[in-house]
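Visitor: I have a structure I would like to understand better, so I am pasting it below and will then ask my questions one at a time.
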Amino acid sequence: MGITMQRRLAGRAIGLVLLLLLSTAFPFASVSSYRSNYNGLDPIGANSTTDGNSINVSSSAFTIPANATLSNGWMNVSDNWEMDGGNGTWYEAGVANHSLNLGSTDATSLSHFGNSLSLAPDRDVGWVDDLELLALQFTGFSSESWFVSNISLDPANGSIPSSVPEGQLLAAATKAGGLAAGSNLSLLSEAWALPQVVNDLSLHLQHWLNVDSTDVATIYAQLDTGQWQELASFVGRNDSNWSAIDISIDDKLGIDSLKNSTNISFRFDLNISLQSQERPGWFIDALNLTNSGEPTNSWFHGNLNGAYAPNLNSAMVIEANTSNMSHPLELEIWADWDIEGNTNDNLIIEGSLDGTNWTLLFAPPGIPGNGIMIDGIWYYAESNGFKRILIPILSGFANNSQVWFRLRIQTDSQVNGGYGISGWEGVFLDDVILHSNRLQNGHQWKLLDNFTSNNSITPISLNNNSHQWEHVTNYGHNGPTFSAYGFEDSPFWPKDWKIEVESGTRGWTFGQSSGAGPMPGFTSGQTGAGTELGSNYVANMWTHLITPSMHIPENATARLAFASWMCAEPNWDGGAVYISTDNGITWSHFGQNISDFYDTNSTVNPHSPFYMKGIFDGSNVLSGC
Numbered sequence: 001m002g003i004t005m006q007r008r009l010a011g012r013a014i015g016l017v018l019l020l021l022l023s024t025a026f027p028f029a030s031v032s033s034y035r036s037n038y039n040g041l042d043p044i045g046a047n048s049t050t051d052g053n054s055i056n057v058s059s060s061a062f063t064i065p066a067n068a069t070l071s072n073g074w075m076n077v078s079d080n081w082e083m084d085g086g087n088g089t090w091y092e093a094g095v096a097n098h099s100l101n102l103g104s105t106d107a108t109s110l111s112h113f114g115n116s117l118s119l120a121p122d123r124d125v126g127w128v129d130d131l132e133l134l135a136l137q138f139t140g141f142s143s144e145s146w147f148v149s150n151i152s153l154d155p156a157n158g159s160i161p162s163s164v165p166e167g168q169l170l171a172a173a174t175k176a177g178g179l180a181a182g183s184n185l186s187l188l189s190e191a192w193a194l195p196q197v198v199n200d201l202s203l204h205l206q207h208w209l210n211v212d213s214t215d216v217a218t219i220y221a222q223l224d225t226g227q228w229q230e231l232a233s234f235v236g237r238n239d240s241n242w243s244a245i246d247i248s249i250d251d252k253l254g255i256d257s258l259k260n261s262t263n264i265s266f267r268f269d270l271n272i273s274l275q276s277q278e279r280p281g282w283f284i285d286a287l288n289l290t291n292s293g294e295p296t297n298s299w300f301h302g303n304l305n306g307a308y309a310p311n312l313n314s315a316m317v318i319e320a321n322t323s324n325m326s327h328p329l330e331l332e333i334w335a336d337w338d339i340e341g342n343t344n345d346n347l348i349i350e351g352s353l354d355g356t357n358w359t360l361l362f363a364p365p366g367i368p369g370n371g372i373m374i375d376g377i378w379y380y381a382e383s384n385g386f387k388r389i390l391i392p393i394l395s396g397f398a399n400n401s402q403v404w405f406r407l408r409i410q411t412d413s414q415v416n417g418g419y420g421i422s423g424w425e426g427v428f429l430d431d432v433i434l435h436s437n438r439l440q441n442g443h444q445w446k447l448l449d450n451f452t453s454n455n456s457i458t459p460i461s462l463n464n465n466s467h468q469w470e471h472v473t474n475y476g477h478n479g480p481t482f483s484a485y486g487f488e489d490s491p492f493w494p495k496d497w498k499i500e501v502e503s504g505t506r507g508w509t510f511g512q513s514s515g516a517g518p519m520p521g522f523t524s525g526q527t528g529a530g531t532e533l534g535s536n537y538v539a540n541m542w543t544h545l546i547t548p549s550m551h552i553p554e555n556a557t558a559r560l561a562f563a564s565w566m567c568a569e570p571n572w573d574g575g576a577v578y579i580s581t582d583n584g585i586t587w588s589h590f591g592q593n594i595s596d597f598y599d600t601n602s603t604v605n606p607h608s609p610f611y612m613k614g615i616f617d618g619s620n621v622l623s624g625c
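The numbers in my numbering rise by one with no breaks, and the one at position 363 of the sequence shown is 363.
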């Protein structure tokens with residue numbers, strides 16, 4: 001579910017409860033009742049003499065016609081203990097190694113009928129979520145067995161943390177009474193982007209491991225979609241305090257492998273042996289990834305402490321050899337800007353085959369001009385950090401011993417800054433790279449200049465005015481990085497739901513409506529999802545609410561149903577439903593051909609991601625929203 005708010009006009013809040021109902025359709029000529037009696041093992045039972053083992057027992061018991069619908073069913077479960085010969089085993093809830101409630105359920109549930117065992121809802125047939133059950137959820141990690149927790153942990157037959165290294169939340173693989181023998185618990189990180197220049201890449205974290213002598217905790221790493229490789233392993237630790245882990249990724253995975261990869265993922269596995277006695281488990285916090293990168297040098301045009309000068313036209317010229325580099329060619333530039341843009345002040349990219357006559361390589365008026373889209377996001381007067389700009393080069397520039405590229409800054413007589421004068425105003429440039437066949441086999445690339453030295457470039461003025469170029473050594477692209485991956489931003493969300501904010505300062509949220517949206521509130525219960533549950537939404541917002549993934553059986557008929565309330569600036573702002581069948585890699589607009597599904601089509605803003613697509617904006621409400 002995507003929502004975009006493009007203009008600076010504020011409207012009312014948008015509330016949404018998203019319900020996904022998947023139902024299997026059966027062909028019925030007529031409706032009739034069919035009853036099938038139990039025809040299986042009676043009683044269903046098994047004998048076990050080993051304390052702590054689990055035994056699976058299967059029994060085929062019912063016969064149902066292929067075109068029938070199961071409308072009712074129940075199961076009575078009871079135990080029948082035989083007297084032992086004087087050396088028996090006793091069981092008591094919550095007691096380590098003698099508990100009947102420390103296992104896991106499979107397709108069954110204890111939550112529907114007062115802790116009695118019942119069949120769990122089959123998500124292959126139908127699923128409904130009214131968004132009422134909120135709990136701390138991972139962001140950037142996923143797990144079916146680990147969870148986010150504060151230090152209010154249940155006793156677990158051993159030493160557990162009473163404090164957290166950073167903040168108030170940690171990741172925990174634990175259970176009341178201790179982890180049962182044979183447990184396997186895994187925490188998986190998302191794929192984190194590797195720095196473009198890998199140098200001294202290291203993983204750091206704090207952990208607390210309290211397990212039995214045969215239990216093993218292991219940290220793995222994966223580059224892109226390759227094999228998982230072990231980074232560190234710990235056996236049988238009995239910690240009573242936090243300790244640090246520092247792992248050199250360069251040494252473990254190899255610098256060449258890292259340079260040829262794009263992403264890295266981490267996995268934290270805890271394996272409890274079958275002979276293990278219950279112990280608390282594994283706790284981690286304060287994860288961070290550091291990289292030394294390259295020297296933080298770049299060229300800057302402007303004023304580091306205020307508005308840049310008016311009426312400037314100055315440039316840097318970079319010479320290149322494109323011999324044996326075939327078309328298509330692309331020039332890659334990393335830039336960070338705070339400049340007026342439009343037709344007033346811009347970065348202009350030009351090329352020359354003789355060093356004298358220049359051809360525009362980027363459409364006028366330049367960068368940022370009236371806006372530039374990078375990785376699906378529009379940027380205007382401020383880039384908010386270094387951004388990668390790719391510029392197609394004319395075919396005549398290929399396979400030449402000498403070509404020239406000119407990076408030119410032109411300013412007019414007024415404004416001389418981006419969105420107001422705040423700190424530095426101007427343009428930083430770094431890492432100029434030439435690509436050949438970037439998206440094809442035989443990709444070649446050549447680093448033209450990373451501006452580590454200040455003597456590789458001689459800035460010039462083209463209108464006899466002074467220029468404002470200077471070589472800086474304290475800010476550049478690909479410098480040292482510190483990326484923290486703690487758990488303090490873990491939100492209270494329904495299980496497996498996700499929220500993404502691509503642009504803007506705020507987006508979707510879960511909670512109770514407080515008067516700025518639907519009245520008297522959500523249609524089911526007290527909580528739901530919405531943008532700005534207590535106030536008007538903000539401008540320039542592009543945010544997504546993503547449901548859990550679900551399986552639709554082959555040849556089944558699936559139906560989507562949700563209750564929504566929308567009030568937005570008509571046509572300019574709105575929301576839409578998208579669907580993905582590849583785990584969120586690609587998304588397709590949903591419902592365009594369904595009559596009366598959307599309020600209108602987005603037609604007034606060609607920069608909107610919804611342009612010429614159906615949107616909800618509240619414009620169909622007869623009395624006005």
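Heads up, the beta-carbon is just placed ideally off N, CA and C, and yes, glycines get one too.
1. Check each candidate in Lys498, Gly574, Gly528 and Trp587 and name the one with the smallest Cα separation from Pro548.
2. In angstroms with no decimal places, state the Cα-to-Cα distance between Ser483 and Phe451.
3. For the alpha helix (DSSP H) containing Ser265, list its first residue and its last residue.
4. Distance check for Val604 and Asp573, CA to CA, integer angstroms please.
5. Do you know whose CA, among Lys259, Gly341 and Asn157, lies nearest Gly281's CA?
6. Under a three-way DSSP split, which group does Asp617 fall into?
7. Cβ of Ile249 within 8 angstroms of any heavy atom in the ligand MN?
8. Once the 5 residues before and after Ala217 are set aside, which same chain residues still bring their CB inside 6 angstroms of it?
9. For Gly521, which residues from the same chain have a beta carbon less than 6 angstroms from its beta carbon, with the 5 sequence-adjacent residues on both sides left out?
10. Just how far apart, CA to CA, sit Gly369 and Ala568?
11. What does the Cβ neighbour count give for Lys626, buried or exposed, with the cut at 16 atoms within 10 Å?
12. Can you find the residues in the same chain that come closer than 7 angstroms, C-beta to C-beta, to Tyr658, ignoring five residues on each side of it along the sequence?
13. Using the DSSP secondary-structure output, state which residues sit across from Gln410 in a beta bridge.
14. So Ala576 and Gly614 are in contact, right, with Cβ under 8 angstroms, and what is the actual spacing, rounded?
15. Buried or exposed for Asn416, going by 16 or more other Cβ atoms inside 10 Å?
16. Between Gln444 and Asn321, how many whole angstroms is the CB-CB distance? I'm expecting something under 8 angstroms.
17. With a 10 Å radius around its C-beta and 16 neighbouring C-beta atoms as the bar for buried, classify Tyr419 as buried or exposed.
18. Specify whether the segment 141-161 and the segment 590-605 touch according to this definition: at least 3 beta carbon pairs, one from each stretch, less than 8 angstroms apart.
19. Alpha carbon to alpha carbon, what distance is there between Leu153 and Pro392?
20. Is it the case that the Cβ atoms of Ile333 and Val432 are separated by a distance below 9 angstroms?
21. If you check the beta carbons only, do Gly530 and Trp508 fall under 9 angstroms apart?
22. Near Gly226, which residues of its chain fall below 7 angstroms by C-beta distance, leaving aside the five closest residues on each side in sequence?
23. Ignore the nearest five residues each way along the sequence and tell me which others in Ile546's own chain have a CB closer than 8 angstroms to its CB.
24. In chain order, what residues of the same chain have a beta carbon less than 6 angstroms from the beta carbon of Leu188, not counting five sequence neighbours either side?
25. How far does the alpha helix (DSSP H) with Ile249 in it extend, from its first residue to its last?
26. For Ser233, name the three-state secondary structure that DSSP assigns.
27. Rounding to the nearest angstrom, what Cα-Cα distance links Gly525 and Phe492 in this structure?
28. Please determine, among Leu134, Ala286, Asn540 and Ser456, the residue with the shortest C-alpha to C-alpha distance to Lys495.
29. Please identify the residue among Ser116, Arg438, Ala556 and Ala563 whose C-alpha is closest to the C-alpha of Asp626.
30. CB Thr481 to CB Leu205, shorter than 9 angstroms?
31. Give the DSSP bridge partners of Asn478, in chain order.
32. Can you tell me where the beta strand (DSSP E) holding Arg388 begins and where it ends?
33. So for Ser524, helix, strand or coil by DSSP?
34. Buried or exposed for Leu360, please, with buried defined as at least 16 other CB atoms from any protein chain shown within 10 angstroms of its CB.
35. Grouping DSSP H, G and I as helix and E and B as strand, with all else coil, what is Gly341?
36. Give the secondary structure of Phe397 by DSSP, where H, G and I count as helix, E and B as strand, and everything else as coil.
Guide: Judging by the given coordinates:
1. Position 548 of the sequence shown holds residue 548. The residue with the shortest Cα to Cα distance from Pro548 is Lys498.
2. Taking the first residue of the sequence shown as position 1, residue 483 is located at position 483. Taking the first residue of the sequence shown as position 1, residue 451 is located at position 451. In a straight line, the C-alpha of Ser483 is about 24 angstroms away from that of Phe451.
3. Indexing the sequence shown from 1 puts residue 265 at position 265. For Ser265, there is no enclosing alpha helix (DSSP H); the residue is found in the beta strand (DSSP E) stretching over Asn263 to Asn271.
4. As a position in the sequence shown, residue 573 is number 573, starting the count at 1. As a position in the sequence shown, residue 604 is number 604, starting the count at 1. Asp573 and Val604: Cα-Cα distance of roughly 10 angstroms.
5. Numbered from its first residue, the sequence shown carries residue 281 at position 281. Checked all of Lys259, Gly341 and Asn157; the closest Cα to Gly281 is Asn157.
6. On the sequence shown, residue 617 is found 617 positions in, with the first residue counted as 1. Coil.
7. Within the structure as shown, the ligand MN is missing, as the structure has no ligands at all.
8. The residue given as residue 217 occupies position 217 in the sequence shown. Closer than 6 angstroms at Cβ, skipping near neighbours: Leu209, Phe234, Leu270 and Trp282.
9. Taking the sequence shown and counting its residues from 1, the one referred to as residue 521 is at position 521. Non-local C-beta neighbours of Gly521 in its own chain, meaning closer than 6 angstroms and more than five positions away in sequence, comprise Ser513, ordered along the chain.
10. The residue labelled residue 369 in the question sits at position 369 within the sequence shown. The residue labelled residue 568 in the question sits at position 568 within the sequence shown. Answer to the nearest angstrom: the Cα atoms are 28 angstroms apart.
11. The requested residue 626 is not part of the displayed model; the chain covers only 1 to 625.
12. Only positions 1 to 625 of the chain appear in the structure, and residue 658 is not among them; the question remains open.
13. For the purposes of this step, residue 410 is taken as residue 410 along the sequence shown, with counting starting at 1. BP columns for Gln410 point to Asn313 and Asn346.
14. Here residue 576 corresponds to residue number 576 of the sequence shown, with the count starting at 1. Here residue 614 corresponds to residue number 614 of the sequence shown, with the count starting at 1. Indeed, because the Cβ distance is near 6 angstroms, the residues count as touching under 8 angstroms.
15. Numbered from its first residue, the sequence shown carries residue 416 at position 416. It is buried - the Cβ of Asn416 has at least 16 other Cβ atoms within 10 Å.
16. Within the sequence shown, residue 444 is the residue found at index 444, counting from 1. Within the sequence shown, residue 321 is the residue found at index 321, counting from 1. 12 angstroms between Cβ atoms; not a contact.
17. Within the sequence shown, the letter at position 419 stands for residue 419. Result: exposed.
18. no
19. In the sequence shown, residue 392 corresponds to position 392, counting from 1. In the sequence shown, residue 153 corresponds to position 153, counting from 1. Cα to Cα, the separation comes out at about 57 angstroms.
20. Walking along the sequence shown from the start, residue 333 turns up at place 333. Walking along the sequence shown from the start, residue 432 turns up at place 432. With contacts defined as CB atoms closer than 9 angstroms, Ile333 and Val432 qualify as a contacting pair.
21. For the purposes of this step, residue 530 is taken as the residue at position 530 of the sequence shown. For the purposes of this step, residue 508 is taken as the residue at position 508 of the sequence shown. Yes. Within cutoff.
22. On the sequence shown, residue 226 is found 226 positions in, with the first residue counted as 1. If we look at Gly226 and ignore the five residues flanking it on each side, it has no Cβ neighbours.
23. In the sequence shown, counting from the first residue as 1, residue 546 sits at position 546. The residues are Met1, Trp497, Lys498, Ile499, Glu500 and Gly584.
24. Translated into the one-based positions of the sequence shown, residue 188 becomes position 188. So the qualifying residues of the chain are Ser142 and Arg267.
25. Start at 1 with the first residue of the sequence shown, and residue 249 comes out as number 249. Ile249 -> alpha helix (DSSP H) spans Ile249 to Leu253.
26. The count along the sequence shown starts at 1 and reaches residue 233 at position 233. Shown here, Ser233 sits in a strand according to DSSP, grouped into three states.
27. Mapped onto the sequence shown, residue 525 falls at position 525. Mapped onto the sequence shown, residue 492 falls at position 492. Taking the Cα positions, Gly525 is about 16 angstroms away from Phe492.
28. Walking along the sequence shown from the start, residue 495 turns up at place 495. For the options Leu134, Ala286, Asn540 and Ser456, the alpha carbon positioned closest to that of Lys495 is the one of Leu134.
29. Limits of the chain in this structure are 1 at one end and 625 at the other, which puts residue 626 out of reach.
30. As a first step, residue 481 is located in the sequence shown; it is residue number 481 there, counting from the start. As a first step, residue 205 is located in the sequence shown; it is residue number 205 there, counting from the start. Thr481 is not a Cβ neighbour of Leu205, given a cutoff of 9 angstroms.
31. Within the sequence shown, the letter at position 478 stands for residue 478. Beta-bridge pairing links Asn478 to no other residue.
32. Against the sequence shown, residue 388 aligns to sequence position 388. Segment Lys387 to Ile393, the beta strand (DSSP E) holding Arg388.
33. As a first step, residue 524 is located in the sequence shown; it is residue number 524 there, counting from the start. The answer is coil: DSSP assigns Ser524 none of H, G, I, E or B.
34. Taking the first residue of the sequence shown as position 1, residue 360 is located at position 360. That one is exposed.
35. As a first step, residue 341 is located in the sequence shown; it is residue number 341 there, counting from the start. Residue state for Gly341 is assigned as strand, using DSSP reduced to three classes.
36. On the sequence shown, position 397 is the one that residue 397 refers to. Of the three classes helix, strand and coil, the one that applies to Phe397 here is helix, per DSSP.
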